[in-house]
Each structure stands twice: as C-alpha cells, then as structure tokens.
Amino acid sequence: MTSNTAESETQLFEPATLKSFRADLKRWYRKAGRELPWRLTADPYRIWLSEIMLQQTTVAAVIPYYERFLDRFPDVMALAVAEEAEVLRLWEGLGYYSRARNIHKTARIVAEERNGEFPRSAAELHELPGIGRYTAGAIASFAYDLPAPILEANTQRLYARLLAYDRPLQSTVAQKTLWGFAEQLVPKRDPGLFNQALMELGGQICKPADPLCDACPVSRHCRAFEQQRQQEIPHPKKKIELTDVVHLCVAVKQDDRFLVRQYSPEERWAGLWDFLRWEQNDFPILKRSRSRKSGELFTDHDLFPQEFARAEQLLRERYQLQAEIQDLALTIKHGVTRYRITLLCLVAEFDVNLNDDQPGDQQWVTREQLKELPLSKTGRQFANHLLNQ
DNA sequence: GACACGTGGGC
DNA sequence: TGCCCAAGTGT
Numbered sequence: 057m058t059s060n061t062a063e064s065e066t067q068l069f070e071p072a073t074l075k076s077f078r079a080d081l082k083r084w085y086r087k088a089g090r091e092l093p094w095r096l097t098a099d100p101y102r103i104w105l106s107e108i109m110l111q112q113t114t115v116a117a118v119i120p121y122y123e124r125f126l127d128r129f130p131d132v133m134a135l136a137v138a139e140e141a142e143v144l145r146l147w148e149g150l151g152y153y154s155r156a157r158n159i160h161k162t163a164r165i166v167a168e169e170r171n172g173e174f175p176r177s178a179a180e181l182h183e184l185p186g187i188g189r190y191t192a193g194a195i196a197s198f199a200y201d202l203p204a205p206i207l208e209a210n211t212q213r214l215y216a217r218l219l220a221y222d223r224p225l226q227s228t229v230a231q232k233t234l235w236g237f238a239e240q241l242v243p244k245r246d247p248g249l250f251n252q253a254l255m256e257l258g259g260q261i262c263k264p265a266d267p268l269c270d271a272c273p274v275s276r277h278c279r280a281f282e283q284q285r286q287q288e289i290p291h292p293k294k295k296i297e298l299t300d301v302v303h304l305c306v307a308v309k310q311d312d313r314f315l316v317r318q319y320s321p322e323e324r325w326a327g328l329w330d331f332l333r334w335e336q337n338d339f340p341i342l343k344r345s346r347s348r349k350s351g352e353l354f355t356d357h358d359l360f361p362q363e364f365a366r367a368e369q370l371l372r373e374r375y376q377l378q379a380e381i382q383d384l385a386l387t388i389k390h391g392v393t394r395y396r397i398t399l400l401c402l403v404a405e406f407d408v409n410l411n412d413d414q415p416g417d418q419q420w421v422t423r424e425q426l427k428e429l430p431l432s433k434t435g436r437q438f439a440n441h442l443l444n445q
C-alpha cells in the first residue's frame with residue numbers, strides 16, 4: 057500500500073498487527089506510565105473531574121487545581137449543593153470557564169436526577185453538559201473499563217502517524233477515519249489501561265515536534281516511521297492570526313470599597329467578575345515593553361506617559377468619569393482567542409457621574425470580598441496589585 | 001464546519 | 001520574543 061491513499065481507502069491494521077501492537081503498548085505502559093493522581097482511582101466523579109480539567113490544559117497546570125477542588129468538593133453531592141460562584145473561584149486561572157459552569161450543571165443533574173450515580177455508558181455520559189465524545193469514552197473506559205474508543209490531541213497525532221495519514225485532521229472524513237481506527241484499536245480486555253497507554257504514548261513519545269521514535273515501543277507498526285515522514289505528519293494546522301487590541305481597565309475606589317461587575321452570559325469570562333473594562337478600537341498599540349516574563353505586570357506612567365494621559369482623557373470625555381485618577385497604574389499583556397490584549401489599568405477615586413455603559417451586575421465590594429470573588433486572570437493580577445498597596 | 005472559549009509552558 | 005501546543009465542547 058502506498059501513501060496518500062484516499063480516505064475511503066485508508067488501510068487500518070491487520071488483526072495480527074493489532075494483536076502485537078496492543079501487547080507492545082501495554083508492556084511499555086506498565087513500565088513507563090506516570091502515576092498521575094486520577095490514575096490511582098476508579099471513582100467516576102474523580103475521573104470525570106480530571107477529564108474536564110484536562111481539556112486543552114496541561115497535566116502540570118491541572119494537578120494543583122484537581123487537589124484543591126477535591127479537598128473542597130470530595131463527591132458529586134458536595135459539588136451539586138455549592139454556589140456556582142464558589143466553583144468558579146476554584147476554577148479561577150485555569151481558563152475555559154464554561155467547563156466550570158458545565159461541571160456544576162452536570163453535578164446537579166447527577167445529584168438530582170440520578171441519585172448521585174453517573175451514567176454507566178459512554179452514550180449516556182455524552183448527553184451531560186460538557187461531556188463530548190472523547191470525555192464520554194474516557195470516563196467509560198477509565199472508570200468502568202468499558203471498551204469505548206477515544207480520540208483527542210495525543211491519540212489523534214499518534215493515530216495519524218501510525219497510519220501515515222497525511223491529510224488535514226480537522227475535516228469530517230479525517231475525524232471519521234481516526235475514530236474508526238480508535239474503535240478498531242480498543243481491546244475488550246483492559247480497555248481503560250489501554251486507552252491511558254495510548255495517550256501516554258502520544259504525549260510522552262509521539263510528541264508534536266521531534267517525536268522520540270528511537271524510544272517508541274510500537275515504531276515497528278508505524279507507517280510514518282517506516283516512511284520517515286514523522287516530522288511532516290500530522291499535516292500542520294493552519295495558523296491563526298492574532299489581532300492587537302487595547303483595553304482600558306479602571307478600579308474605581310471609594311473609601312475602602314472597589315466597584316466591580318460581573319460578566320454577563322454572552323461575554324468572555326461569563327460569570328466572572330472584573331473591574332470596569334472597555335475595549336478601545338482607536339487606541340495606539342503599545343509596542344515598547346520592558347524585559348520581563350510573559351504575563352508579568354509592570355507599573356508605570358513612566359514607560360507609557362502619552363498613553364496613560366490619553367487613557368485618562370478618554371475616561372473623562374468618553375465615559376464621563378468625574379474622578380480623580382491616581383498615579384498608580386500598570387499595563388498587562390495577555391492573549392485570548394485570536395487577540396493579544398494590552399490592558400491599561402488605572403485607579404480612580406470615585407466622585408460622581410460614572411457613565412454606566414457596561415452590561416452585567418455592578419457592586420461595591422470590600423477588600424475581603426474581592427479576595428473571594430471569582431475574577432479573570434487580569435482582574436486577579438490587578439486586584440493583587442491593589443491589595444498589596 | 002468554522003469559530004469562540006483562557007491560560008501557561010516549551011523552545 | 002513569538003509561536004506552537006495542550007486529555008475538547010458547544011454553538
């Protein structure tokens with residue numbers, strides 16, 4: 057069989073290949089697999105929580121969140137009776153906050169409609185909020201040892217290389233082919249262990265750049281390796297253009313309280329709180345920066361004197377902020393989907409007449425309340441900056 | 001089917 | 001520094 061086969065002709069594995077592939081992979085995983093916290097349990101609640109947290113998120117980032125979350129909510133009933141705000145507070149900094157809202161919704165469904173018991177099939181798990189086909193298969197195989205296939209970033213790359221599948225992976229036909237391969241691969245015996253092993257291999261050996269083929273236990277079954285095309289498979293993704301935007305952020309202060317608002321459901325960071333914040337379409341992009349770690353903040357009027365003067369002018373003219381703007385200020389750079397945001401943060405002593413053009417609830421909160429509120433990443437950075445004054 | 005959704009780490 | 005990537009899902 058040659059490469060560049062049409063979708064419909066993609067050859068999967070022969071039965072004999074399948075058998076030795078599975079044996080090689082399991083042998084390797086028993087020796088090389090990591091002992092991650094969620095691999096030490098078969099509790100569907102814990103498996104579910106870990107799988108949601110791990111969506112588009114690295115293992116290293118998840119571990120501390122996973123531990124804290126379980127300390128506070130040891131089972132699905134504890135989570136179900138919690139306030140959404142507290143769930144979001146525990147999720148703060150992890151990103152993709154719809155996951156936190158969905159995990160709360162699902163906890164309530166499982167608690168109220170299923171007496172605290174998770175569904176025991178991938179199909180039923182798939183119906184719950186935040187559980188797609190991958191996560192349903194992961195829970196079914198890890199918690200119940202059901203032979204459900206999985207396809208996610210690690211296994212997608214692995215399968216593509218095993219099959220020397222060199223077309224773009226996002227198309228419907230590609231996904232159909234790879235899911236079909238996953239179905240073929242998953243064994244009836246120890247499917248949970250096997251699925252873990254597939255992901256471990258994809259993550260630790262079959263890496264995106266410079267895969268460790270010399271250390272790979274299944275390289276003899278890999279068509280990309282056979283053809284020495286592991287560097288060009290999978291097909292590279294089309295790159296996404298970033299747009300620079302400037303946001304103005306104002307911590308309005310009165311006595312010992314700060315004005316905050318909650319993002320409404322249609323907005324990014326829905327459900328989280330922040331200081332007042334406006335996107336500036338006509339603001340010059342700040343190019344200069346001080347040498348620093350990404351995401352770190354650096355105060356100053358000194359580095360961007362004209363920009364801060366302009367920011368103050370806009371607050372007065374455009375937003376009718378009749379307040380005394382204090383010298384304390386900082387800029388924060390951060391990225392979100394398709395945007396690179398430069399945030400100009402200012403502090404203003406409240407006077408009167410703030411033009412109220414922001415959606416969502418506004419509230420005055422004390423310093424102590426600010427600590428407990430779920431904030432966006434930059435909101436928390438700014439808040440810490442203020443609280444440490 | 002394309003796009004939105006957040007953040008942190010590696011090179 | 002800039003770019004790529006990460007145990008996807010919902011719309």
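Going by this note's numbering, the residue at position 191 of the first sequence is 247; the numbering climbs one at a time, nothing skipped. Cβ atoms here follow ideal geometry from the backbone N, Cα and C, with glycine treated the same way.
> Apart from the five residues just before and just after Glu-239, which ones in its own chain have a Cβ nearer than 7 Å to its Cβ?
Replying inline: Taking the first residue of the first sequence as position 1, residue 239 is located at position 183. Excluding positions up to five away in sequence, the list reads Pro-205.
> How many whole angstroms separate the CB atoms of Glu-107 and Thr-191, which I take to be in contact at a CB cut-off of 8 Å?
Replying inline: Residue numbering aside, residue 107 sits at position 51 when the first sequence is read from its first letter. Residue numbering aside, residue 191 sits at position 135 when the first sequence is read from its first letter. Confirmed, about 5 Å.
> How about Thr-66 and Leu-249: are their beta carbons less than 9 Å apart?
Replying inline: On the first sequence, position 10 is the one that residue 66 refers to. On the first sequence, position 193 is the one that residue 249 refers to. Against a cut-off of 9 Å, the Cβ pair of Leu-249 and Thr-66 comes out as no contact.
> Roughly how many angstroms lie between the CA atoms of Pro-415 and Ala-326, to the nearest whole one?
Replying inline: As a first step, residue 415 must be located in the first sequence, where it is residue number 359. As a first step, residue 326 must be located in the first sequence, where it is residue number 270. For Pro-415 and Ala-326, the distance between alpha carbons rounds to 11 Å.
> Near Asp-300, which residues of its chain fall below 6 Å by C-beta distance, leaving aside the five closest residues on each side in sequence?
Replying inline: Here residue 300 corresponds to residue number 244 of the first sequence, with the count starting at 1. These residues qualify, in order along the chain: Ile-341, Arg-396.
> Going by DSSP, which residues form a beta bridge with Thr-422?
Replying inline: Indexing the first sequence from 1 puts residue 422 at position 366. Paired residue(s): Arg-313.
> What are the residues that DSSP puts in a beta bridge with Trp-334?
Replying inline: By one-based count along the first sequence, residue 334 stands at place 278. Leu-304.
> In angstroms, rounded to a whole number, what distance separates the CA positions of Leu-214 and Leu-68?
Replying inline: Within the first sequence, residue 214 is the residue found at index 158, counting from 1. Within the first sequence, residue 68 is the residue found at index 12, counting from 1. The straight-line gap from Cα to Cα measures roughly 13 Å.
>> Only counting the same chain, and skipping five residues up and downstream in sequence, which positions put a Cβ closer than 6 Å to that of Glu-140?
In response: What you label residue 140 is simply residue 84 of the first sequence in a count that begins at 1. So the qualifying residues of the chain are His-160.
> Do Pro-399 and Val-302 have their C-beta atoms within less than 9 Å of each other?
Replying inline: On the first sequence, residue 399 is found 343 positions in, with the first residue counted as 1. On the first sequence, residue 302 is found 246 positions in, with the first residue counted as 1. Residue 399 is actually Leu in this sequence, not Pro. It is a contact, given that the beta carbons lie within the stated cut-off.
>> Let's test the definition: count the other Cβ atoms within 10 Å of the Cβ of Val-306 and tell me whether it reaches 16, buried, or not, exposed.
In response: Counted from its first residue, the first sequence places residue 306 at position 250. By the 10 Å Cβ count, Val-306 comes out buried.
> What residue does the alpha helix (DSSP H) around Thr-434 start on, and which one ends it?
Replying inline: In the first sequence, the residue the question calls residue 434 occupies position 378. It spans 433–443 - the alpha helix (DSSP H) in which Thr-434 sits, taken as one unbroken run.
> Looking at the unbroken alpha helix (DSSP H) that takes in Ser-197, where does it start and where does it end?
Replying inline: Here residue 197 corresponds to residue number 141 of the first sequence, with the count starting at 1. 189–200 is the span of the alpha helix (DSSP H), which, as asked, contains Ser-197.
>> I'd like to know if the segment 417–434 and the segment 145–157 are in contact, where contact means that at least 3 CB-CB pairs between them fall below 8 Å.
In response: yes
>> Looking at Trp-329: is its Cβ nearer than 9 Å to the Cβ of Ser-432?
In response: Your numbering for residue 329 matches position 273 in the first sequence. Your numbering for residue 432 matches position 376 in the first sequence. Cβ atoms of Trp-329 and Ser-432: closer than 9 Å.
> Candidates Phe-339, Pro-224, Leu-92: which alpha carbon is nearest Lys-464's?
Replying inline: The shown model of the chain, from 57 to 445, leaves out residue 464, and the question about it has no answer.
> Gln-437 to Asp-201, Cα distance in whole Å?
Replying inline: On the first sequence, residue 437 is found 381 positions in, with the first residue counted as 1. On the first sequence, residue 201 is found 145 positions in, with the first residue counted as 1. So the alpha carbons of these two residues sit roughly 43 Å apart.
>> Glu-380 and Glu-363 - do their beta-carbons sit closer together than 9 Å?
In response: Position 307 of the first sequence, counted from the first residue, corresponds to residue 363. Position 324 of the first sequence, counted from the first residue, corresponds to residue 380. In this structure, Glu-380 does not lie closer than 9 Å to Glu-363 by Cβ.
>> When you compare the CB positions of Ile-103 and Ala-199, do they come within less than 9 Å of one another, or not?
In response: Here residue 103 corresponds to residue number 47 of the first sequence, with the count starting at 1. Here residue 199 corresponds to residue number 143 of the first sequence, with the count starting at 1. Yes; because the gap between Cβ atoms is below 9 Å, this pair is in contact.
>> Once DSSP output is grouped into helix, strand and coil, what is the label at Gln-387?
In response: For the purposes of this step, residue 387 is identified with residue 331 of the first sequence, where counting begins at 1. The amino acid at residue 387 is misidentified as Gln; the sequence shows Thr. Correct three-state label for Thr-387: strand.
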